[in-house]
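Trainee: Handing you a structure now.
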């Protein structure tokens, strides 16, 4: 079954023949190779590119083991250039090539080549691109299936598809498996035998048990502000004094770099500045998050917030956690209170403030969600996303309330 990924395909097409090496990164098994070799390759062939002008080499295939030497691979590619017209080079799992940066920089000097590379997240990170490719890398970050992509893999109703998605997430291979038991087993193996092992091996981490426990702590606290010091103190209280503040910070940075989780920084809306000390962490895939916890903690409200975060990132928004100080004085007693806006989303000159409310059963609950918005003195969009099945509507205060499924499946109705 072919899973369409139109947003990523469009992004690749915009980068086509731009004179830079396209570097496709993302968590392992999220569909990078499929996007490049199948979806993009099929598009090129369907639009007139001859098959011999697409040089597609899977470097993790034992049949290509002889091409893992940079010089041999360079000469192999040169030998396959048959004319002066553009040839497209797809190098899948480039980390298998020793001195791959020299190879890619060498290919960049051949004018008729348009070069694309993919690499496994733990061995080929976005931070490497800046140094290894000397400014010639153009990164495309790929994530697991968004809900709008996931729903194309099933004949279920939207509600049934959502229940599956919040449990097992959007890893492409898991989405095509026939039953929950198979999906759960796949995701748990992926988490422990691929992701954790890769991070530990790449970074010479001897205490992999502590690393796994840290991931579980982050998985249990999605949607909550997290302090590195507080995590370290928690470990120390349980007798694990080896995980100091410095070690916890290092481990979290490594987990973020490996694309297993993403960090959302706190942003002071009125002061227009970032606030250190605490942050929120969201998982790249909610199924992997659940697998880290052995599928024992599946609070739909927190998972919904994680999914909204991922959807914003998928659609190209930068996402922070908003904080705003409001007047909470009563009578002559003067006081200020800190309120949180779940997400401050930015894209170019656009900005949107978003609250995630699983349900708003009372007027008091609605006022609680609206309260931070009413203290923001700009005209950018202010949106409440709820799990409730409602039509989008905007009140007299300019606040738009919309259902989760409209946000995920019909974002144009929200201007997102």
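In our numbering, the protein residues as written are 46 to 461.
The beta carbon of each residue, even a glycine, is placed where N, CA and C say it ideally should be.
On a predicted model such as this, the values are computed, not experimentally measured, just so you know.
#1: Around the Cβ of residue 223, are there at least 16 other Cβ atoms within 10 angstroms (buried) or fewer (exposed)?
#2: In this structure, does DSSP put residue 285 in helix, strand or coil?
#3: Mind checking residue 361: buried by the 16 CB within 10 Å criterion, or exposed?
#4: How about residue 80: is its C-beta nearer than 8 angstroms to some C-beta of chain C?
#5: How about residue 348 and residue 331: are their beta carbons less than 8 angstroms apart?
#6: Just mark residue 268 as buried or exposed, buried being the case when its beta carbon has 16 or more other beta carbons within 10 Å.
#7: Do three or more CB pairs link the stretch 317-334 to the stretch 198-208 at distances below 8 angstroms?
#8: What does DSSP give as the partner residue(s) for residue 249 in the beta ladder?
#9: Within its chain, find whatever has a CB closer than 7 angstroms to the CB of residue 432; leave out the 5 residues flanking it on each side and keep chain order.
#10: In the stretch 309-391, which residue ranges form an unbroken alpha helix (DSSP H) of at least 4 residues, counting only runs that do not cross its ends?
#11: Classify residue 407 as buried or exposed, calling it buried when 16 or more other Cβ atoms lie within 10 Å of its own Cβ.
#12: Assign residue 356 to one of two classes, buried (16 or more other C-beta atoms within 10 Å of its C-beta) or exposed (fewer than that).
#13: Could you name the residues of the same chain whose beta carbon sits closer than 8 angstroms to that of residue 366, not counting the 5 residues immediately before and after it, in chain order?
#14: To which residues of the same chain is residue 438 closer than 7 angstroms at the C-beta, ignoring the five residues directly before and after it?
#15: Kindly identify the DSSP beta-bridge partner or partners of residue 75.
#16: DSSP three-state call for residue 304: helix, strand or coil?
#17: Under the rule that 16 or more other beta-carbon atoms within 10 Å means buried, what is residue 98, buried or exposed?
#18: Counting Cβ pairs closer than 8 angstroms, one from the stretch 204-216 and one from the stretch 90-106, do we hit at least three?
#19: I believe residue 163 touches residue 81 by the beta-carbon criterion, under 8 angstroms. Please report the beta-carbon distance rounded to the nearest angstrom.
#20: Out of 112, 371, 297, 157, which has the shortest C-alpha to C-alpha gap to residue 62?
#21: Going by C-alpha to C-alpha distance, which of 329, 250, 279 sits closest to residue 301?
#22: Just curious, the alpha helix (DSSP H) that residue 184 is in, first and last residue?
#23: Round the Cβ separation of residue 72 and residue 299 to the nearest angstrom and send it over; I've been treating them as touching at under 8 angstroms.
#24: Relative to the alpha-carbon of residue 128, which residue among 237, 155, 273 has its alpha-carbon at the smallest distance?
#25: Assuming residue 105 and residue 143 form a contact by the criterion Cβ under 8 angstroms, report the distance between their Cβ atoms to the nearest whole angstrom.
#26: In angstroms with no decimal places, state the Cα-to-Cα distance between residue 123 and residue 53.
#27: Would you decide whether residue 415 is buried or exposed? Buried here means 16 or more other CB atoms lie within 10 Å of its CB.
#28: Can residue 69 and residue 194 be called in contact, C-beta distance under 8 angstroms?
#29: Between 282, 196, 296, 275, which lies nearest to residue 15 when the distance is taken from Cα to Cα?
#30: Can you tell me whether DSSP reads residue 153 as helix, strand or coil?
#31: How many angstroms separate the CA atom of residue 100 from the CA atom of residue 119?
#32: Go to residue 402, then tell me how far its beta strand (DSSP E) extends in each direction, as first and last residue.
#33: Have a look at residue 228 and residue 370 and give me their C-alpha separation to the nearest angstrom.
#34: Would you mind sorting residue 296 into buried or exposed? The rule is 16 or more other CB atoms within 10 Å of its CB.
#35: Closest to residue 230 by CA distance: which of 340, 430, 57 is it?
#36: Kindly provide the ranges of any beta strand (DSSP E) runs that are 3 or more residues long and lie completely inside the stretch 54-100, ordered along the chain.
Mentor: This is what the structure gives:
#1: As a position in the chain shown, residue 223 is number 178, starting the count at 1. So residue 223 counts as exposed.
#2: Here residue 285 refers to the residue found at position 240 of the chain shown. Looking at residue 285 - three-state DSSP - the assignment turns out to be coil, as it is neither helix nor strand.
#3: One-based indexing of the chain shown puts residue 361 at position 316. Exposed.
#4: Going by chain labels, chain C is absent from the structure shown, which holds only one protein chain.
#5: As a position in the chain shown, residue 348 is number 303, starting the count at 1. As a position in the chain shown, residue 331 is number 286, starting the count at 1. Taking 8 angstroms as the Cβ cut-off, residue 348 and residue 331 qualify as a contacting pair.
#6: Taking the first residue of the chain shown as position 1, residue 268 is located at position 223. It counts as buried.
#7: no
#8: Sequence index remark: in the chain shown, residue 249 carries index 204 (1-based). According to DSSP, residue 249 bridges with nothing at all.
#9: Within the chain shown, residue 432 is the residue found at index 387, counting from 1. Excluding sequence neighbours, residue 432 sits near 349, 403, 404, 449.
#10: 331-337, 345-359
#11: Here residue 407 refers to the residue found at position 362 of the chain shown. The residue in question, residue 407, is exposed, as its Cβ has fewer than 16 Cβ neighbours within 10 Å.
#12: What you label residue 356 is simply residue 311 of the chain shown in a count that begins at 1. Residue 356 is buried by the Cβ-count criterion.
#13: Position 321 of the chain shown, counted from the start, is the residue given in the question as residue 366. Same-chain partners within the cutoff: 270, 309, 310, 311, 312, 324, 325, 385, 386, 387, 388, 389.
#14: Start at 1 with the first residue of the chain shown, and residue 438 comes out as number 393. Counting only Cβ-Cβ distances below 7 angstroms, and skipping sequence neighbours, we find 446.
#15: In the chain shown, counting from the first residue as 1, residue 75 sits at position 30. Paired residue(s): none; residue 75 is not in a bridge.
#16: Residue 304 sits at position 259 when you count from the first residue of the chain shown. The answer is coil: DSSP assigns residue 304 none of H, G, I, E or B.
#17: The residue labelled residue 98 in the question sits at position 53 within the chain shown. Its Cβ being crowded by 16 or more others within 10 Å, residue 98 is buried.
#18: no
#19: The residue you call residue 163 lines up with position 118 of the chain shown. The residue you call residue 81 lines up with position 36 of the chain shown. Right, their Cβ atoms sit about 6 angstroms apart.
#20: The count along the chain shown starts at 1 and reaches residue 62 at position 17. Nearest option by C-alpha distance: 157.
#21: The residue you call residue 301 lines up with position 256 of the chain shown. Closest by alpha carbon: 329.
#22: As a working note, residue 184 is residue 139 in the chain shown. Residue 184 -> not in any alpha helix (DSSP H); beta strand (DSSP E) instead, spanning 182-186.
#23: In the chain shown, residue 72 corresponds to position 27, counting from 1. In the chain shown, residue 299 corresponds to position 254, counting from 1. Not quite, the Cβ-Cβ distance comes to about 13 angstroms (not below 8 angstroms), so this is no contact.
#24: If you number the chain shown from 1, residue 128 lands on position 83. Among 237, 155, 273, the Cα nearest to that of residue 128 is on 155.
#25: If you number the chain shown from 1, residue 105 lands on position 60. If you number the chain shown from 1, residue 143 lands on position 98. Not confirmed; about 14 angstroms, so no contact.
#26: Position 78 of the chain shown holds residue 123. Position 8 of the chain shown holds residue 53. Their backbone Cα atoms lie some 29 angstroms apart in a straight line.
#27: Residue mapping note: residue 415 aligns to position 370 of the chain shown, counting from 1. Classification for residue 415: buried.
#28: To locate residue 69, count along the chain shown from 1; it is residue 24. To locate residue 194, count along the chain shown from 1; it is residue 149. Cβ atoms of residue 69 and residue 194: not closer than 8 angstroms.
#29: This structure cannot speak to residue 15, because the chain is shown only from 46 to 461.
#30: As a first step, residue 153 must be located in the chain shown, where it is residue number 108. Of the three classes helix, strand and coil, the one that applies to residue 153 here is coil, per DSSP.
#31: Looking up residue 100 in the chain shown gives position 55. Looking up residue 119 in the chain shown gives position 74. So the two alpha carbons sit approximately 12 angstroms from each other.
#32: Here the question's residue 402 lines up with position 357 in the chain shown. Start and end: 395-402.
#33: As a first step, residue 228 must be located in the chain shown, where it is residue number 183. As a first step, residue 370 must be located in the chain shown, where it is residue number 325. About 44 angstroms.
#34: Here residue 296 refers to the residue found at position 251 when the chain shown is read from its first residue. Buried, by the Cβ-count rule.
#35: Taking the first residue of the chain shown as 1, we reach residue 230 at position 185. For residue 230, the nearest C-alpha among the options comes from 340.
#36: 66-70
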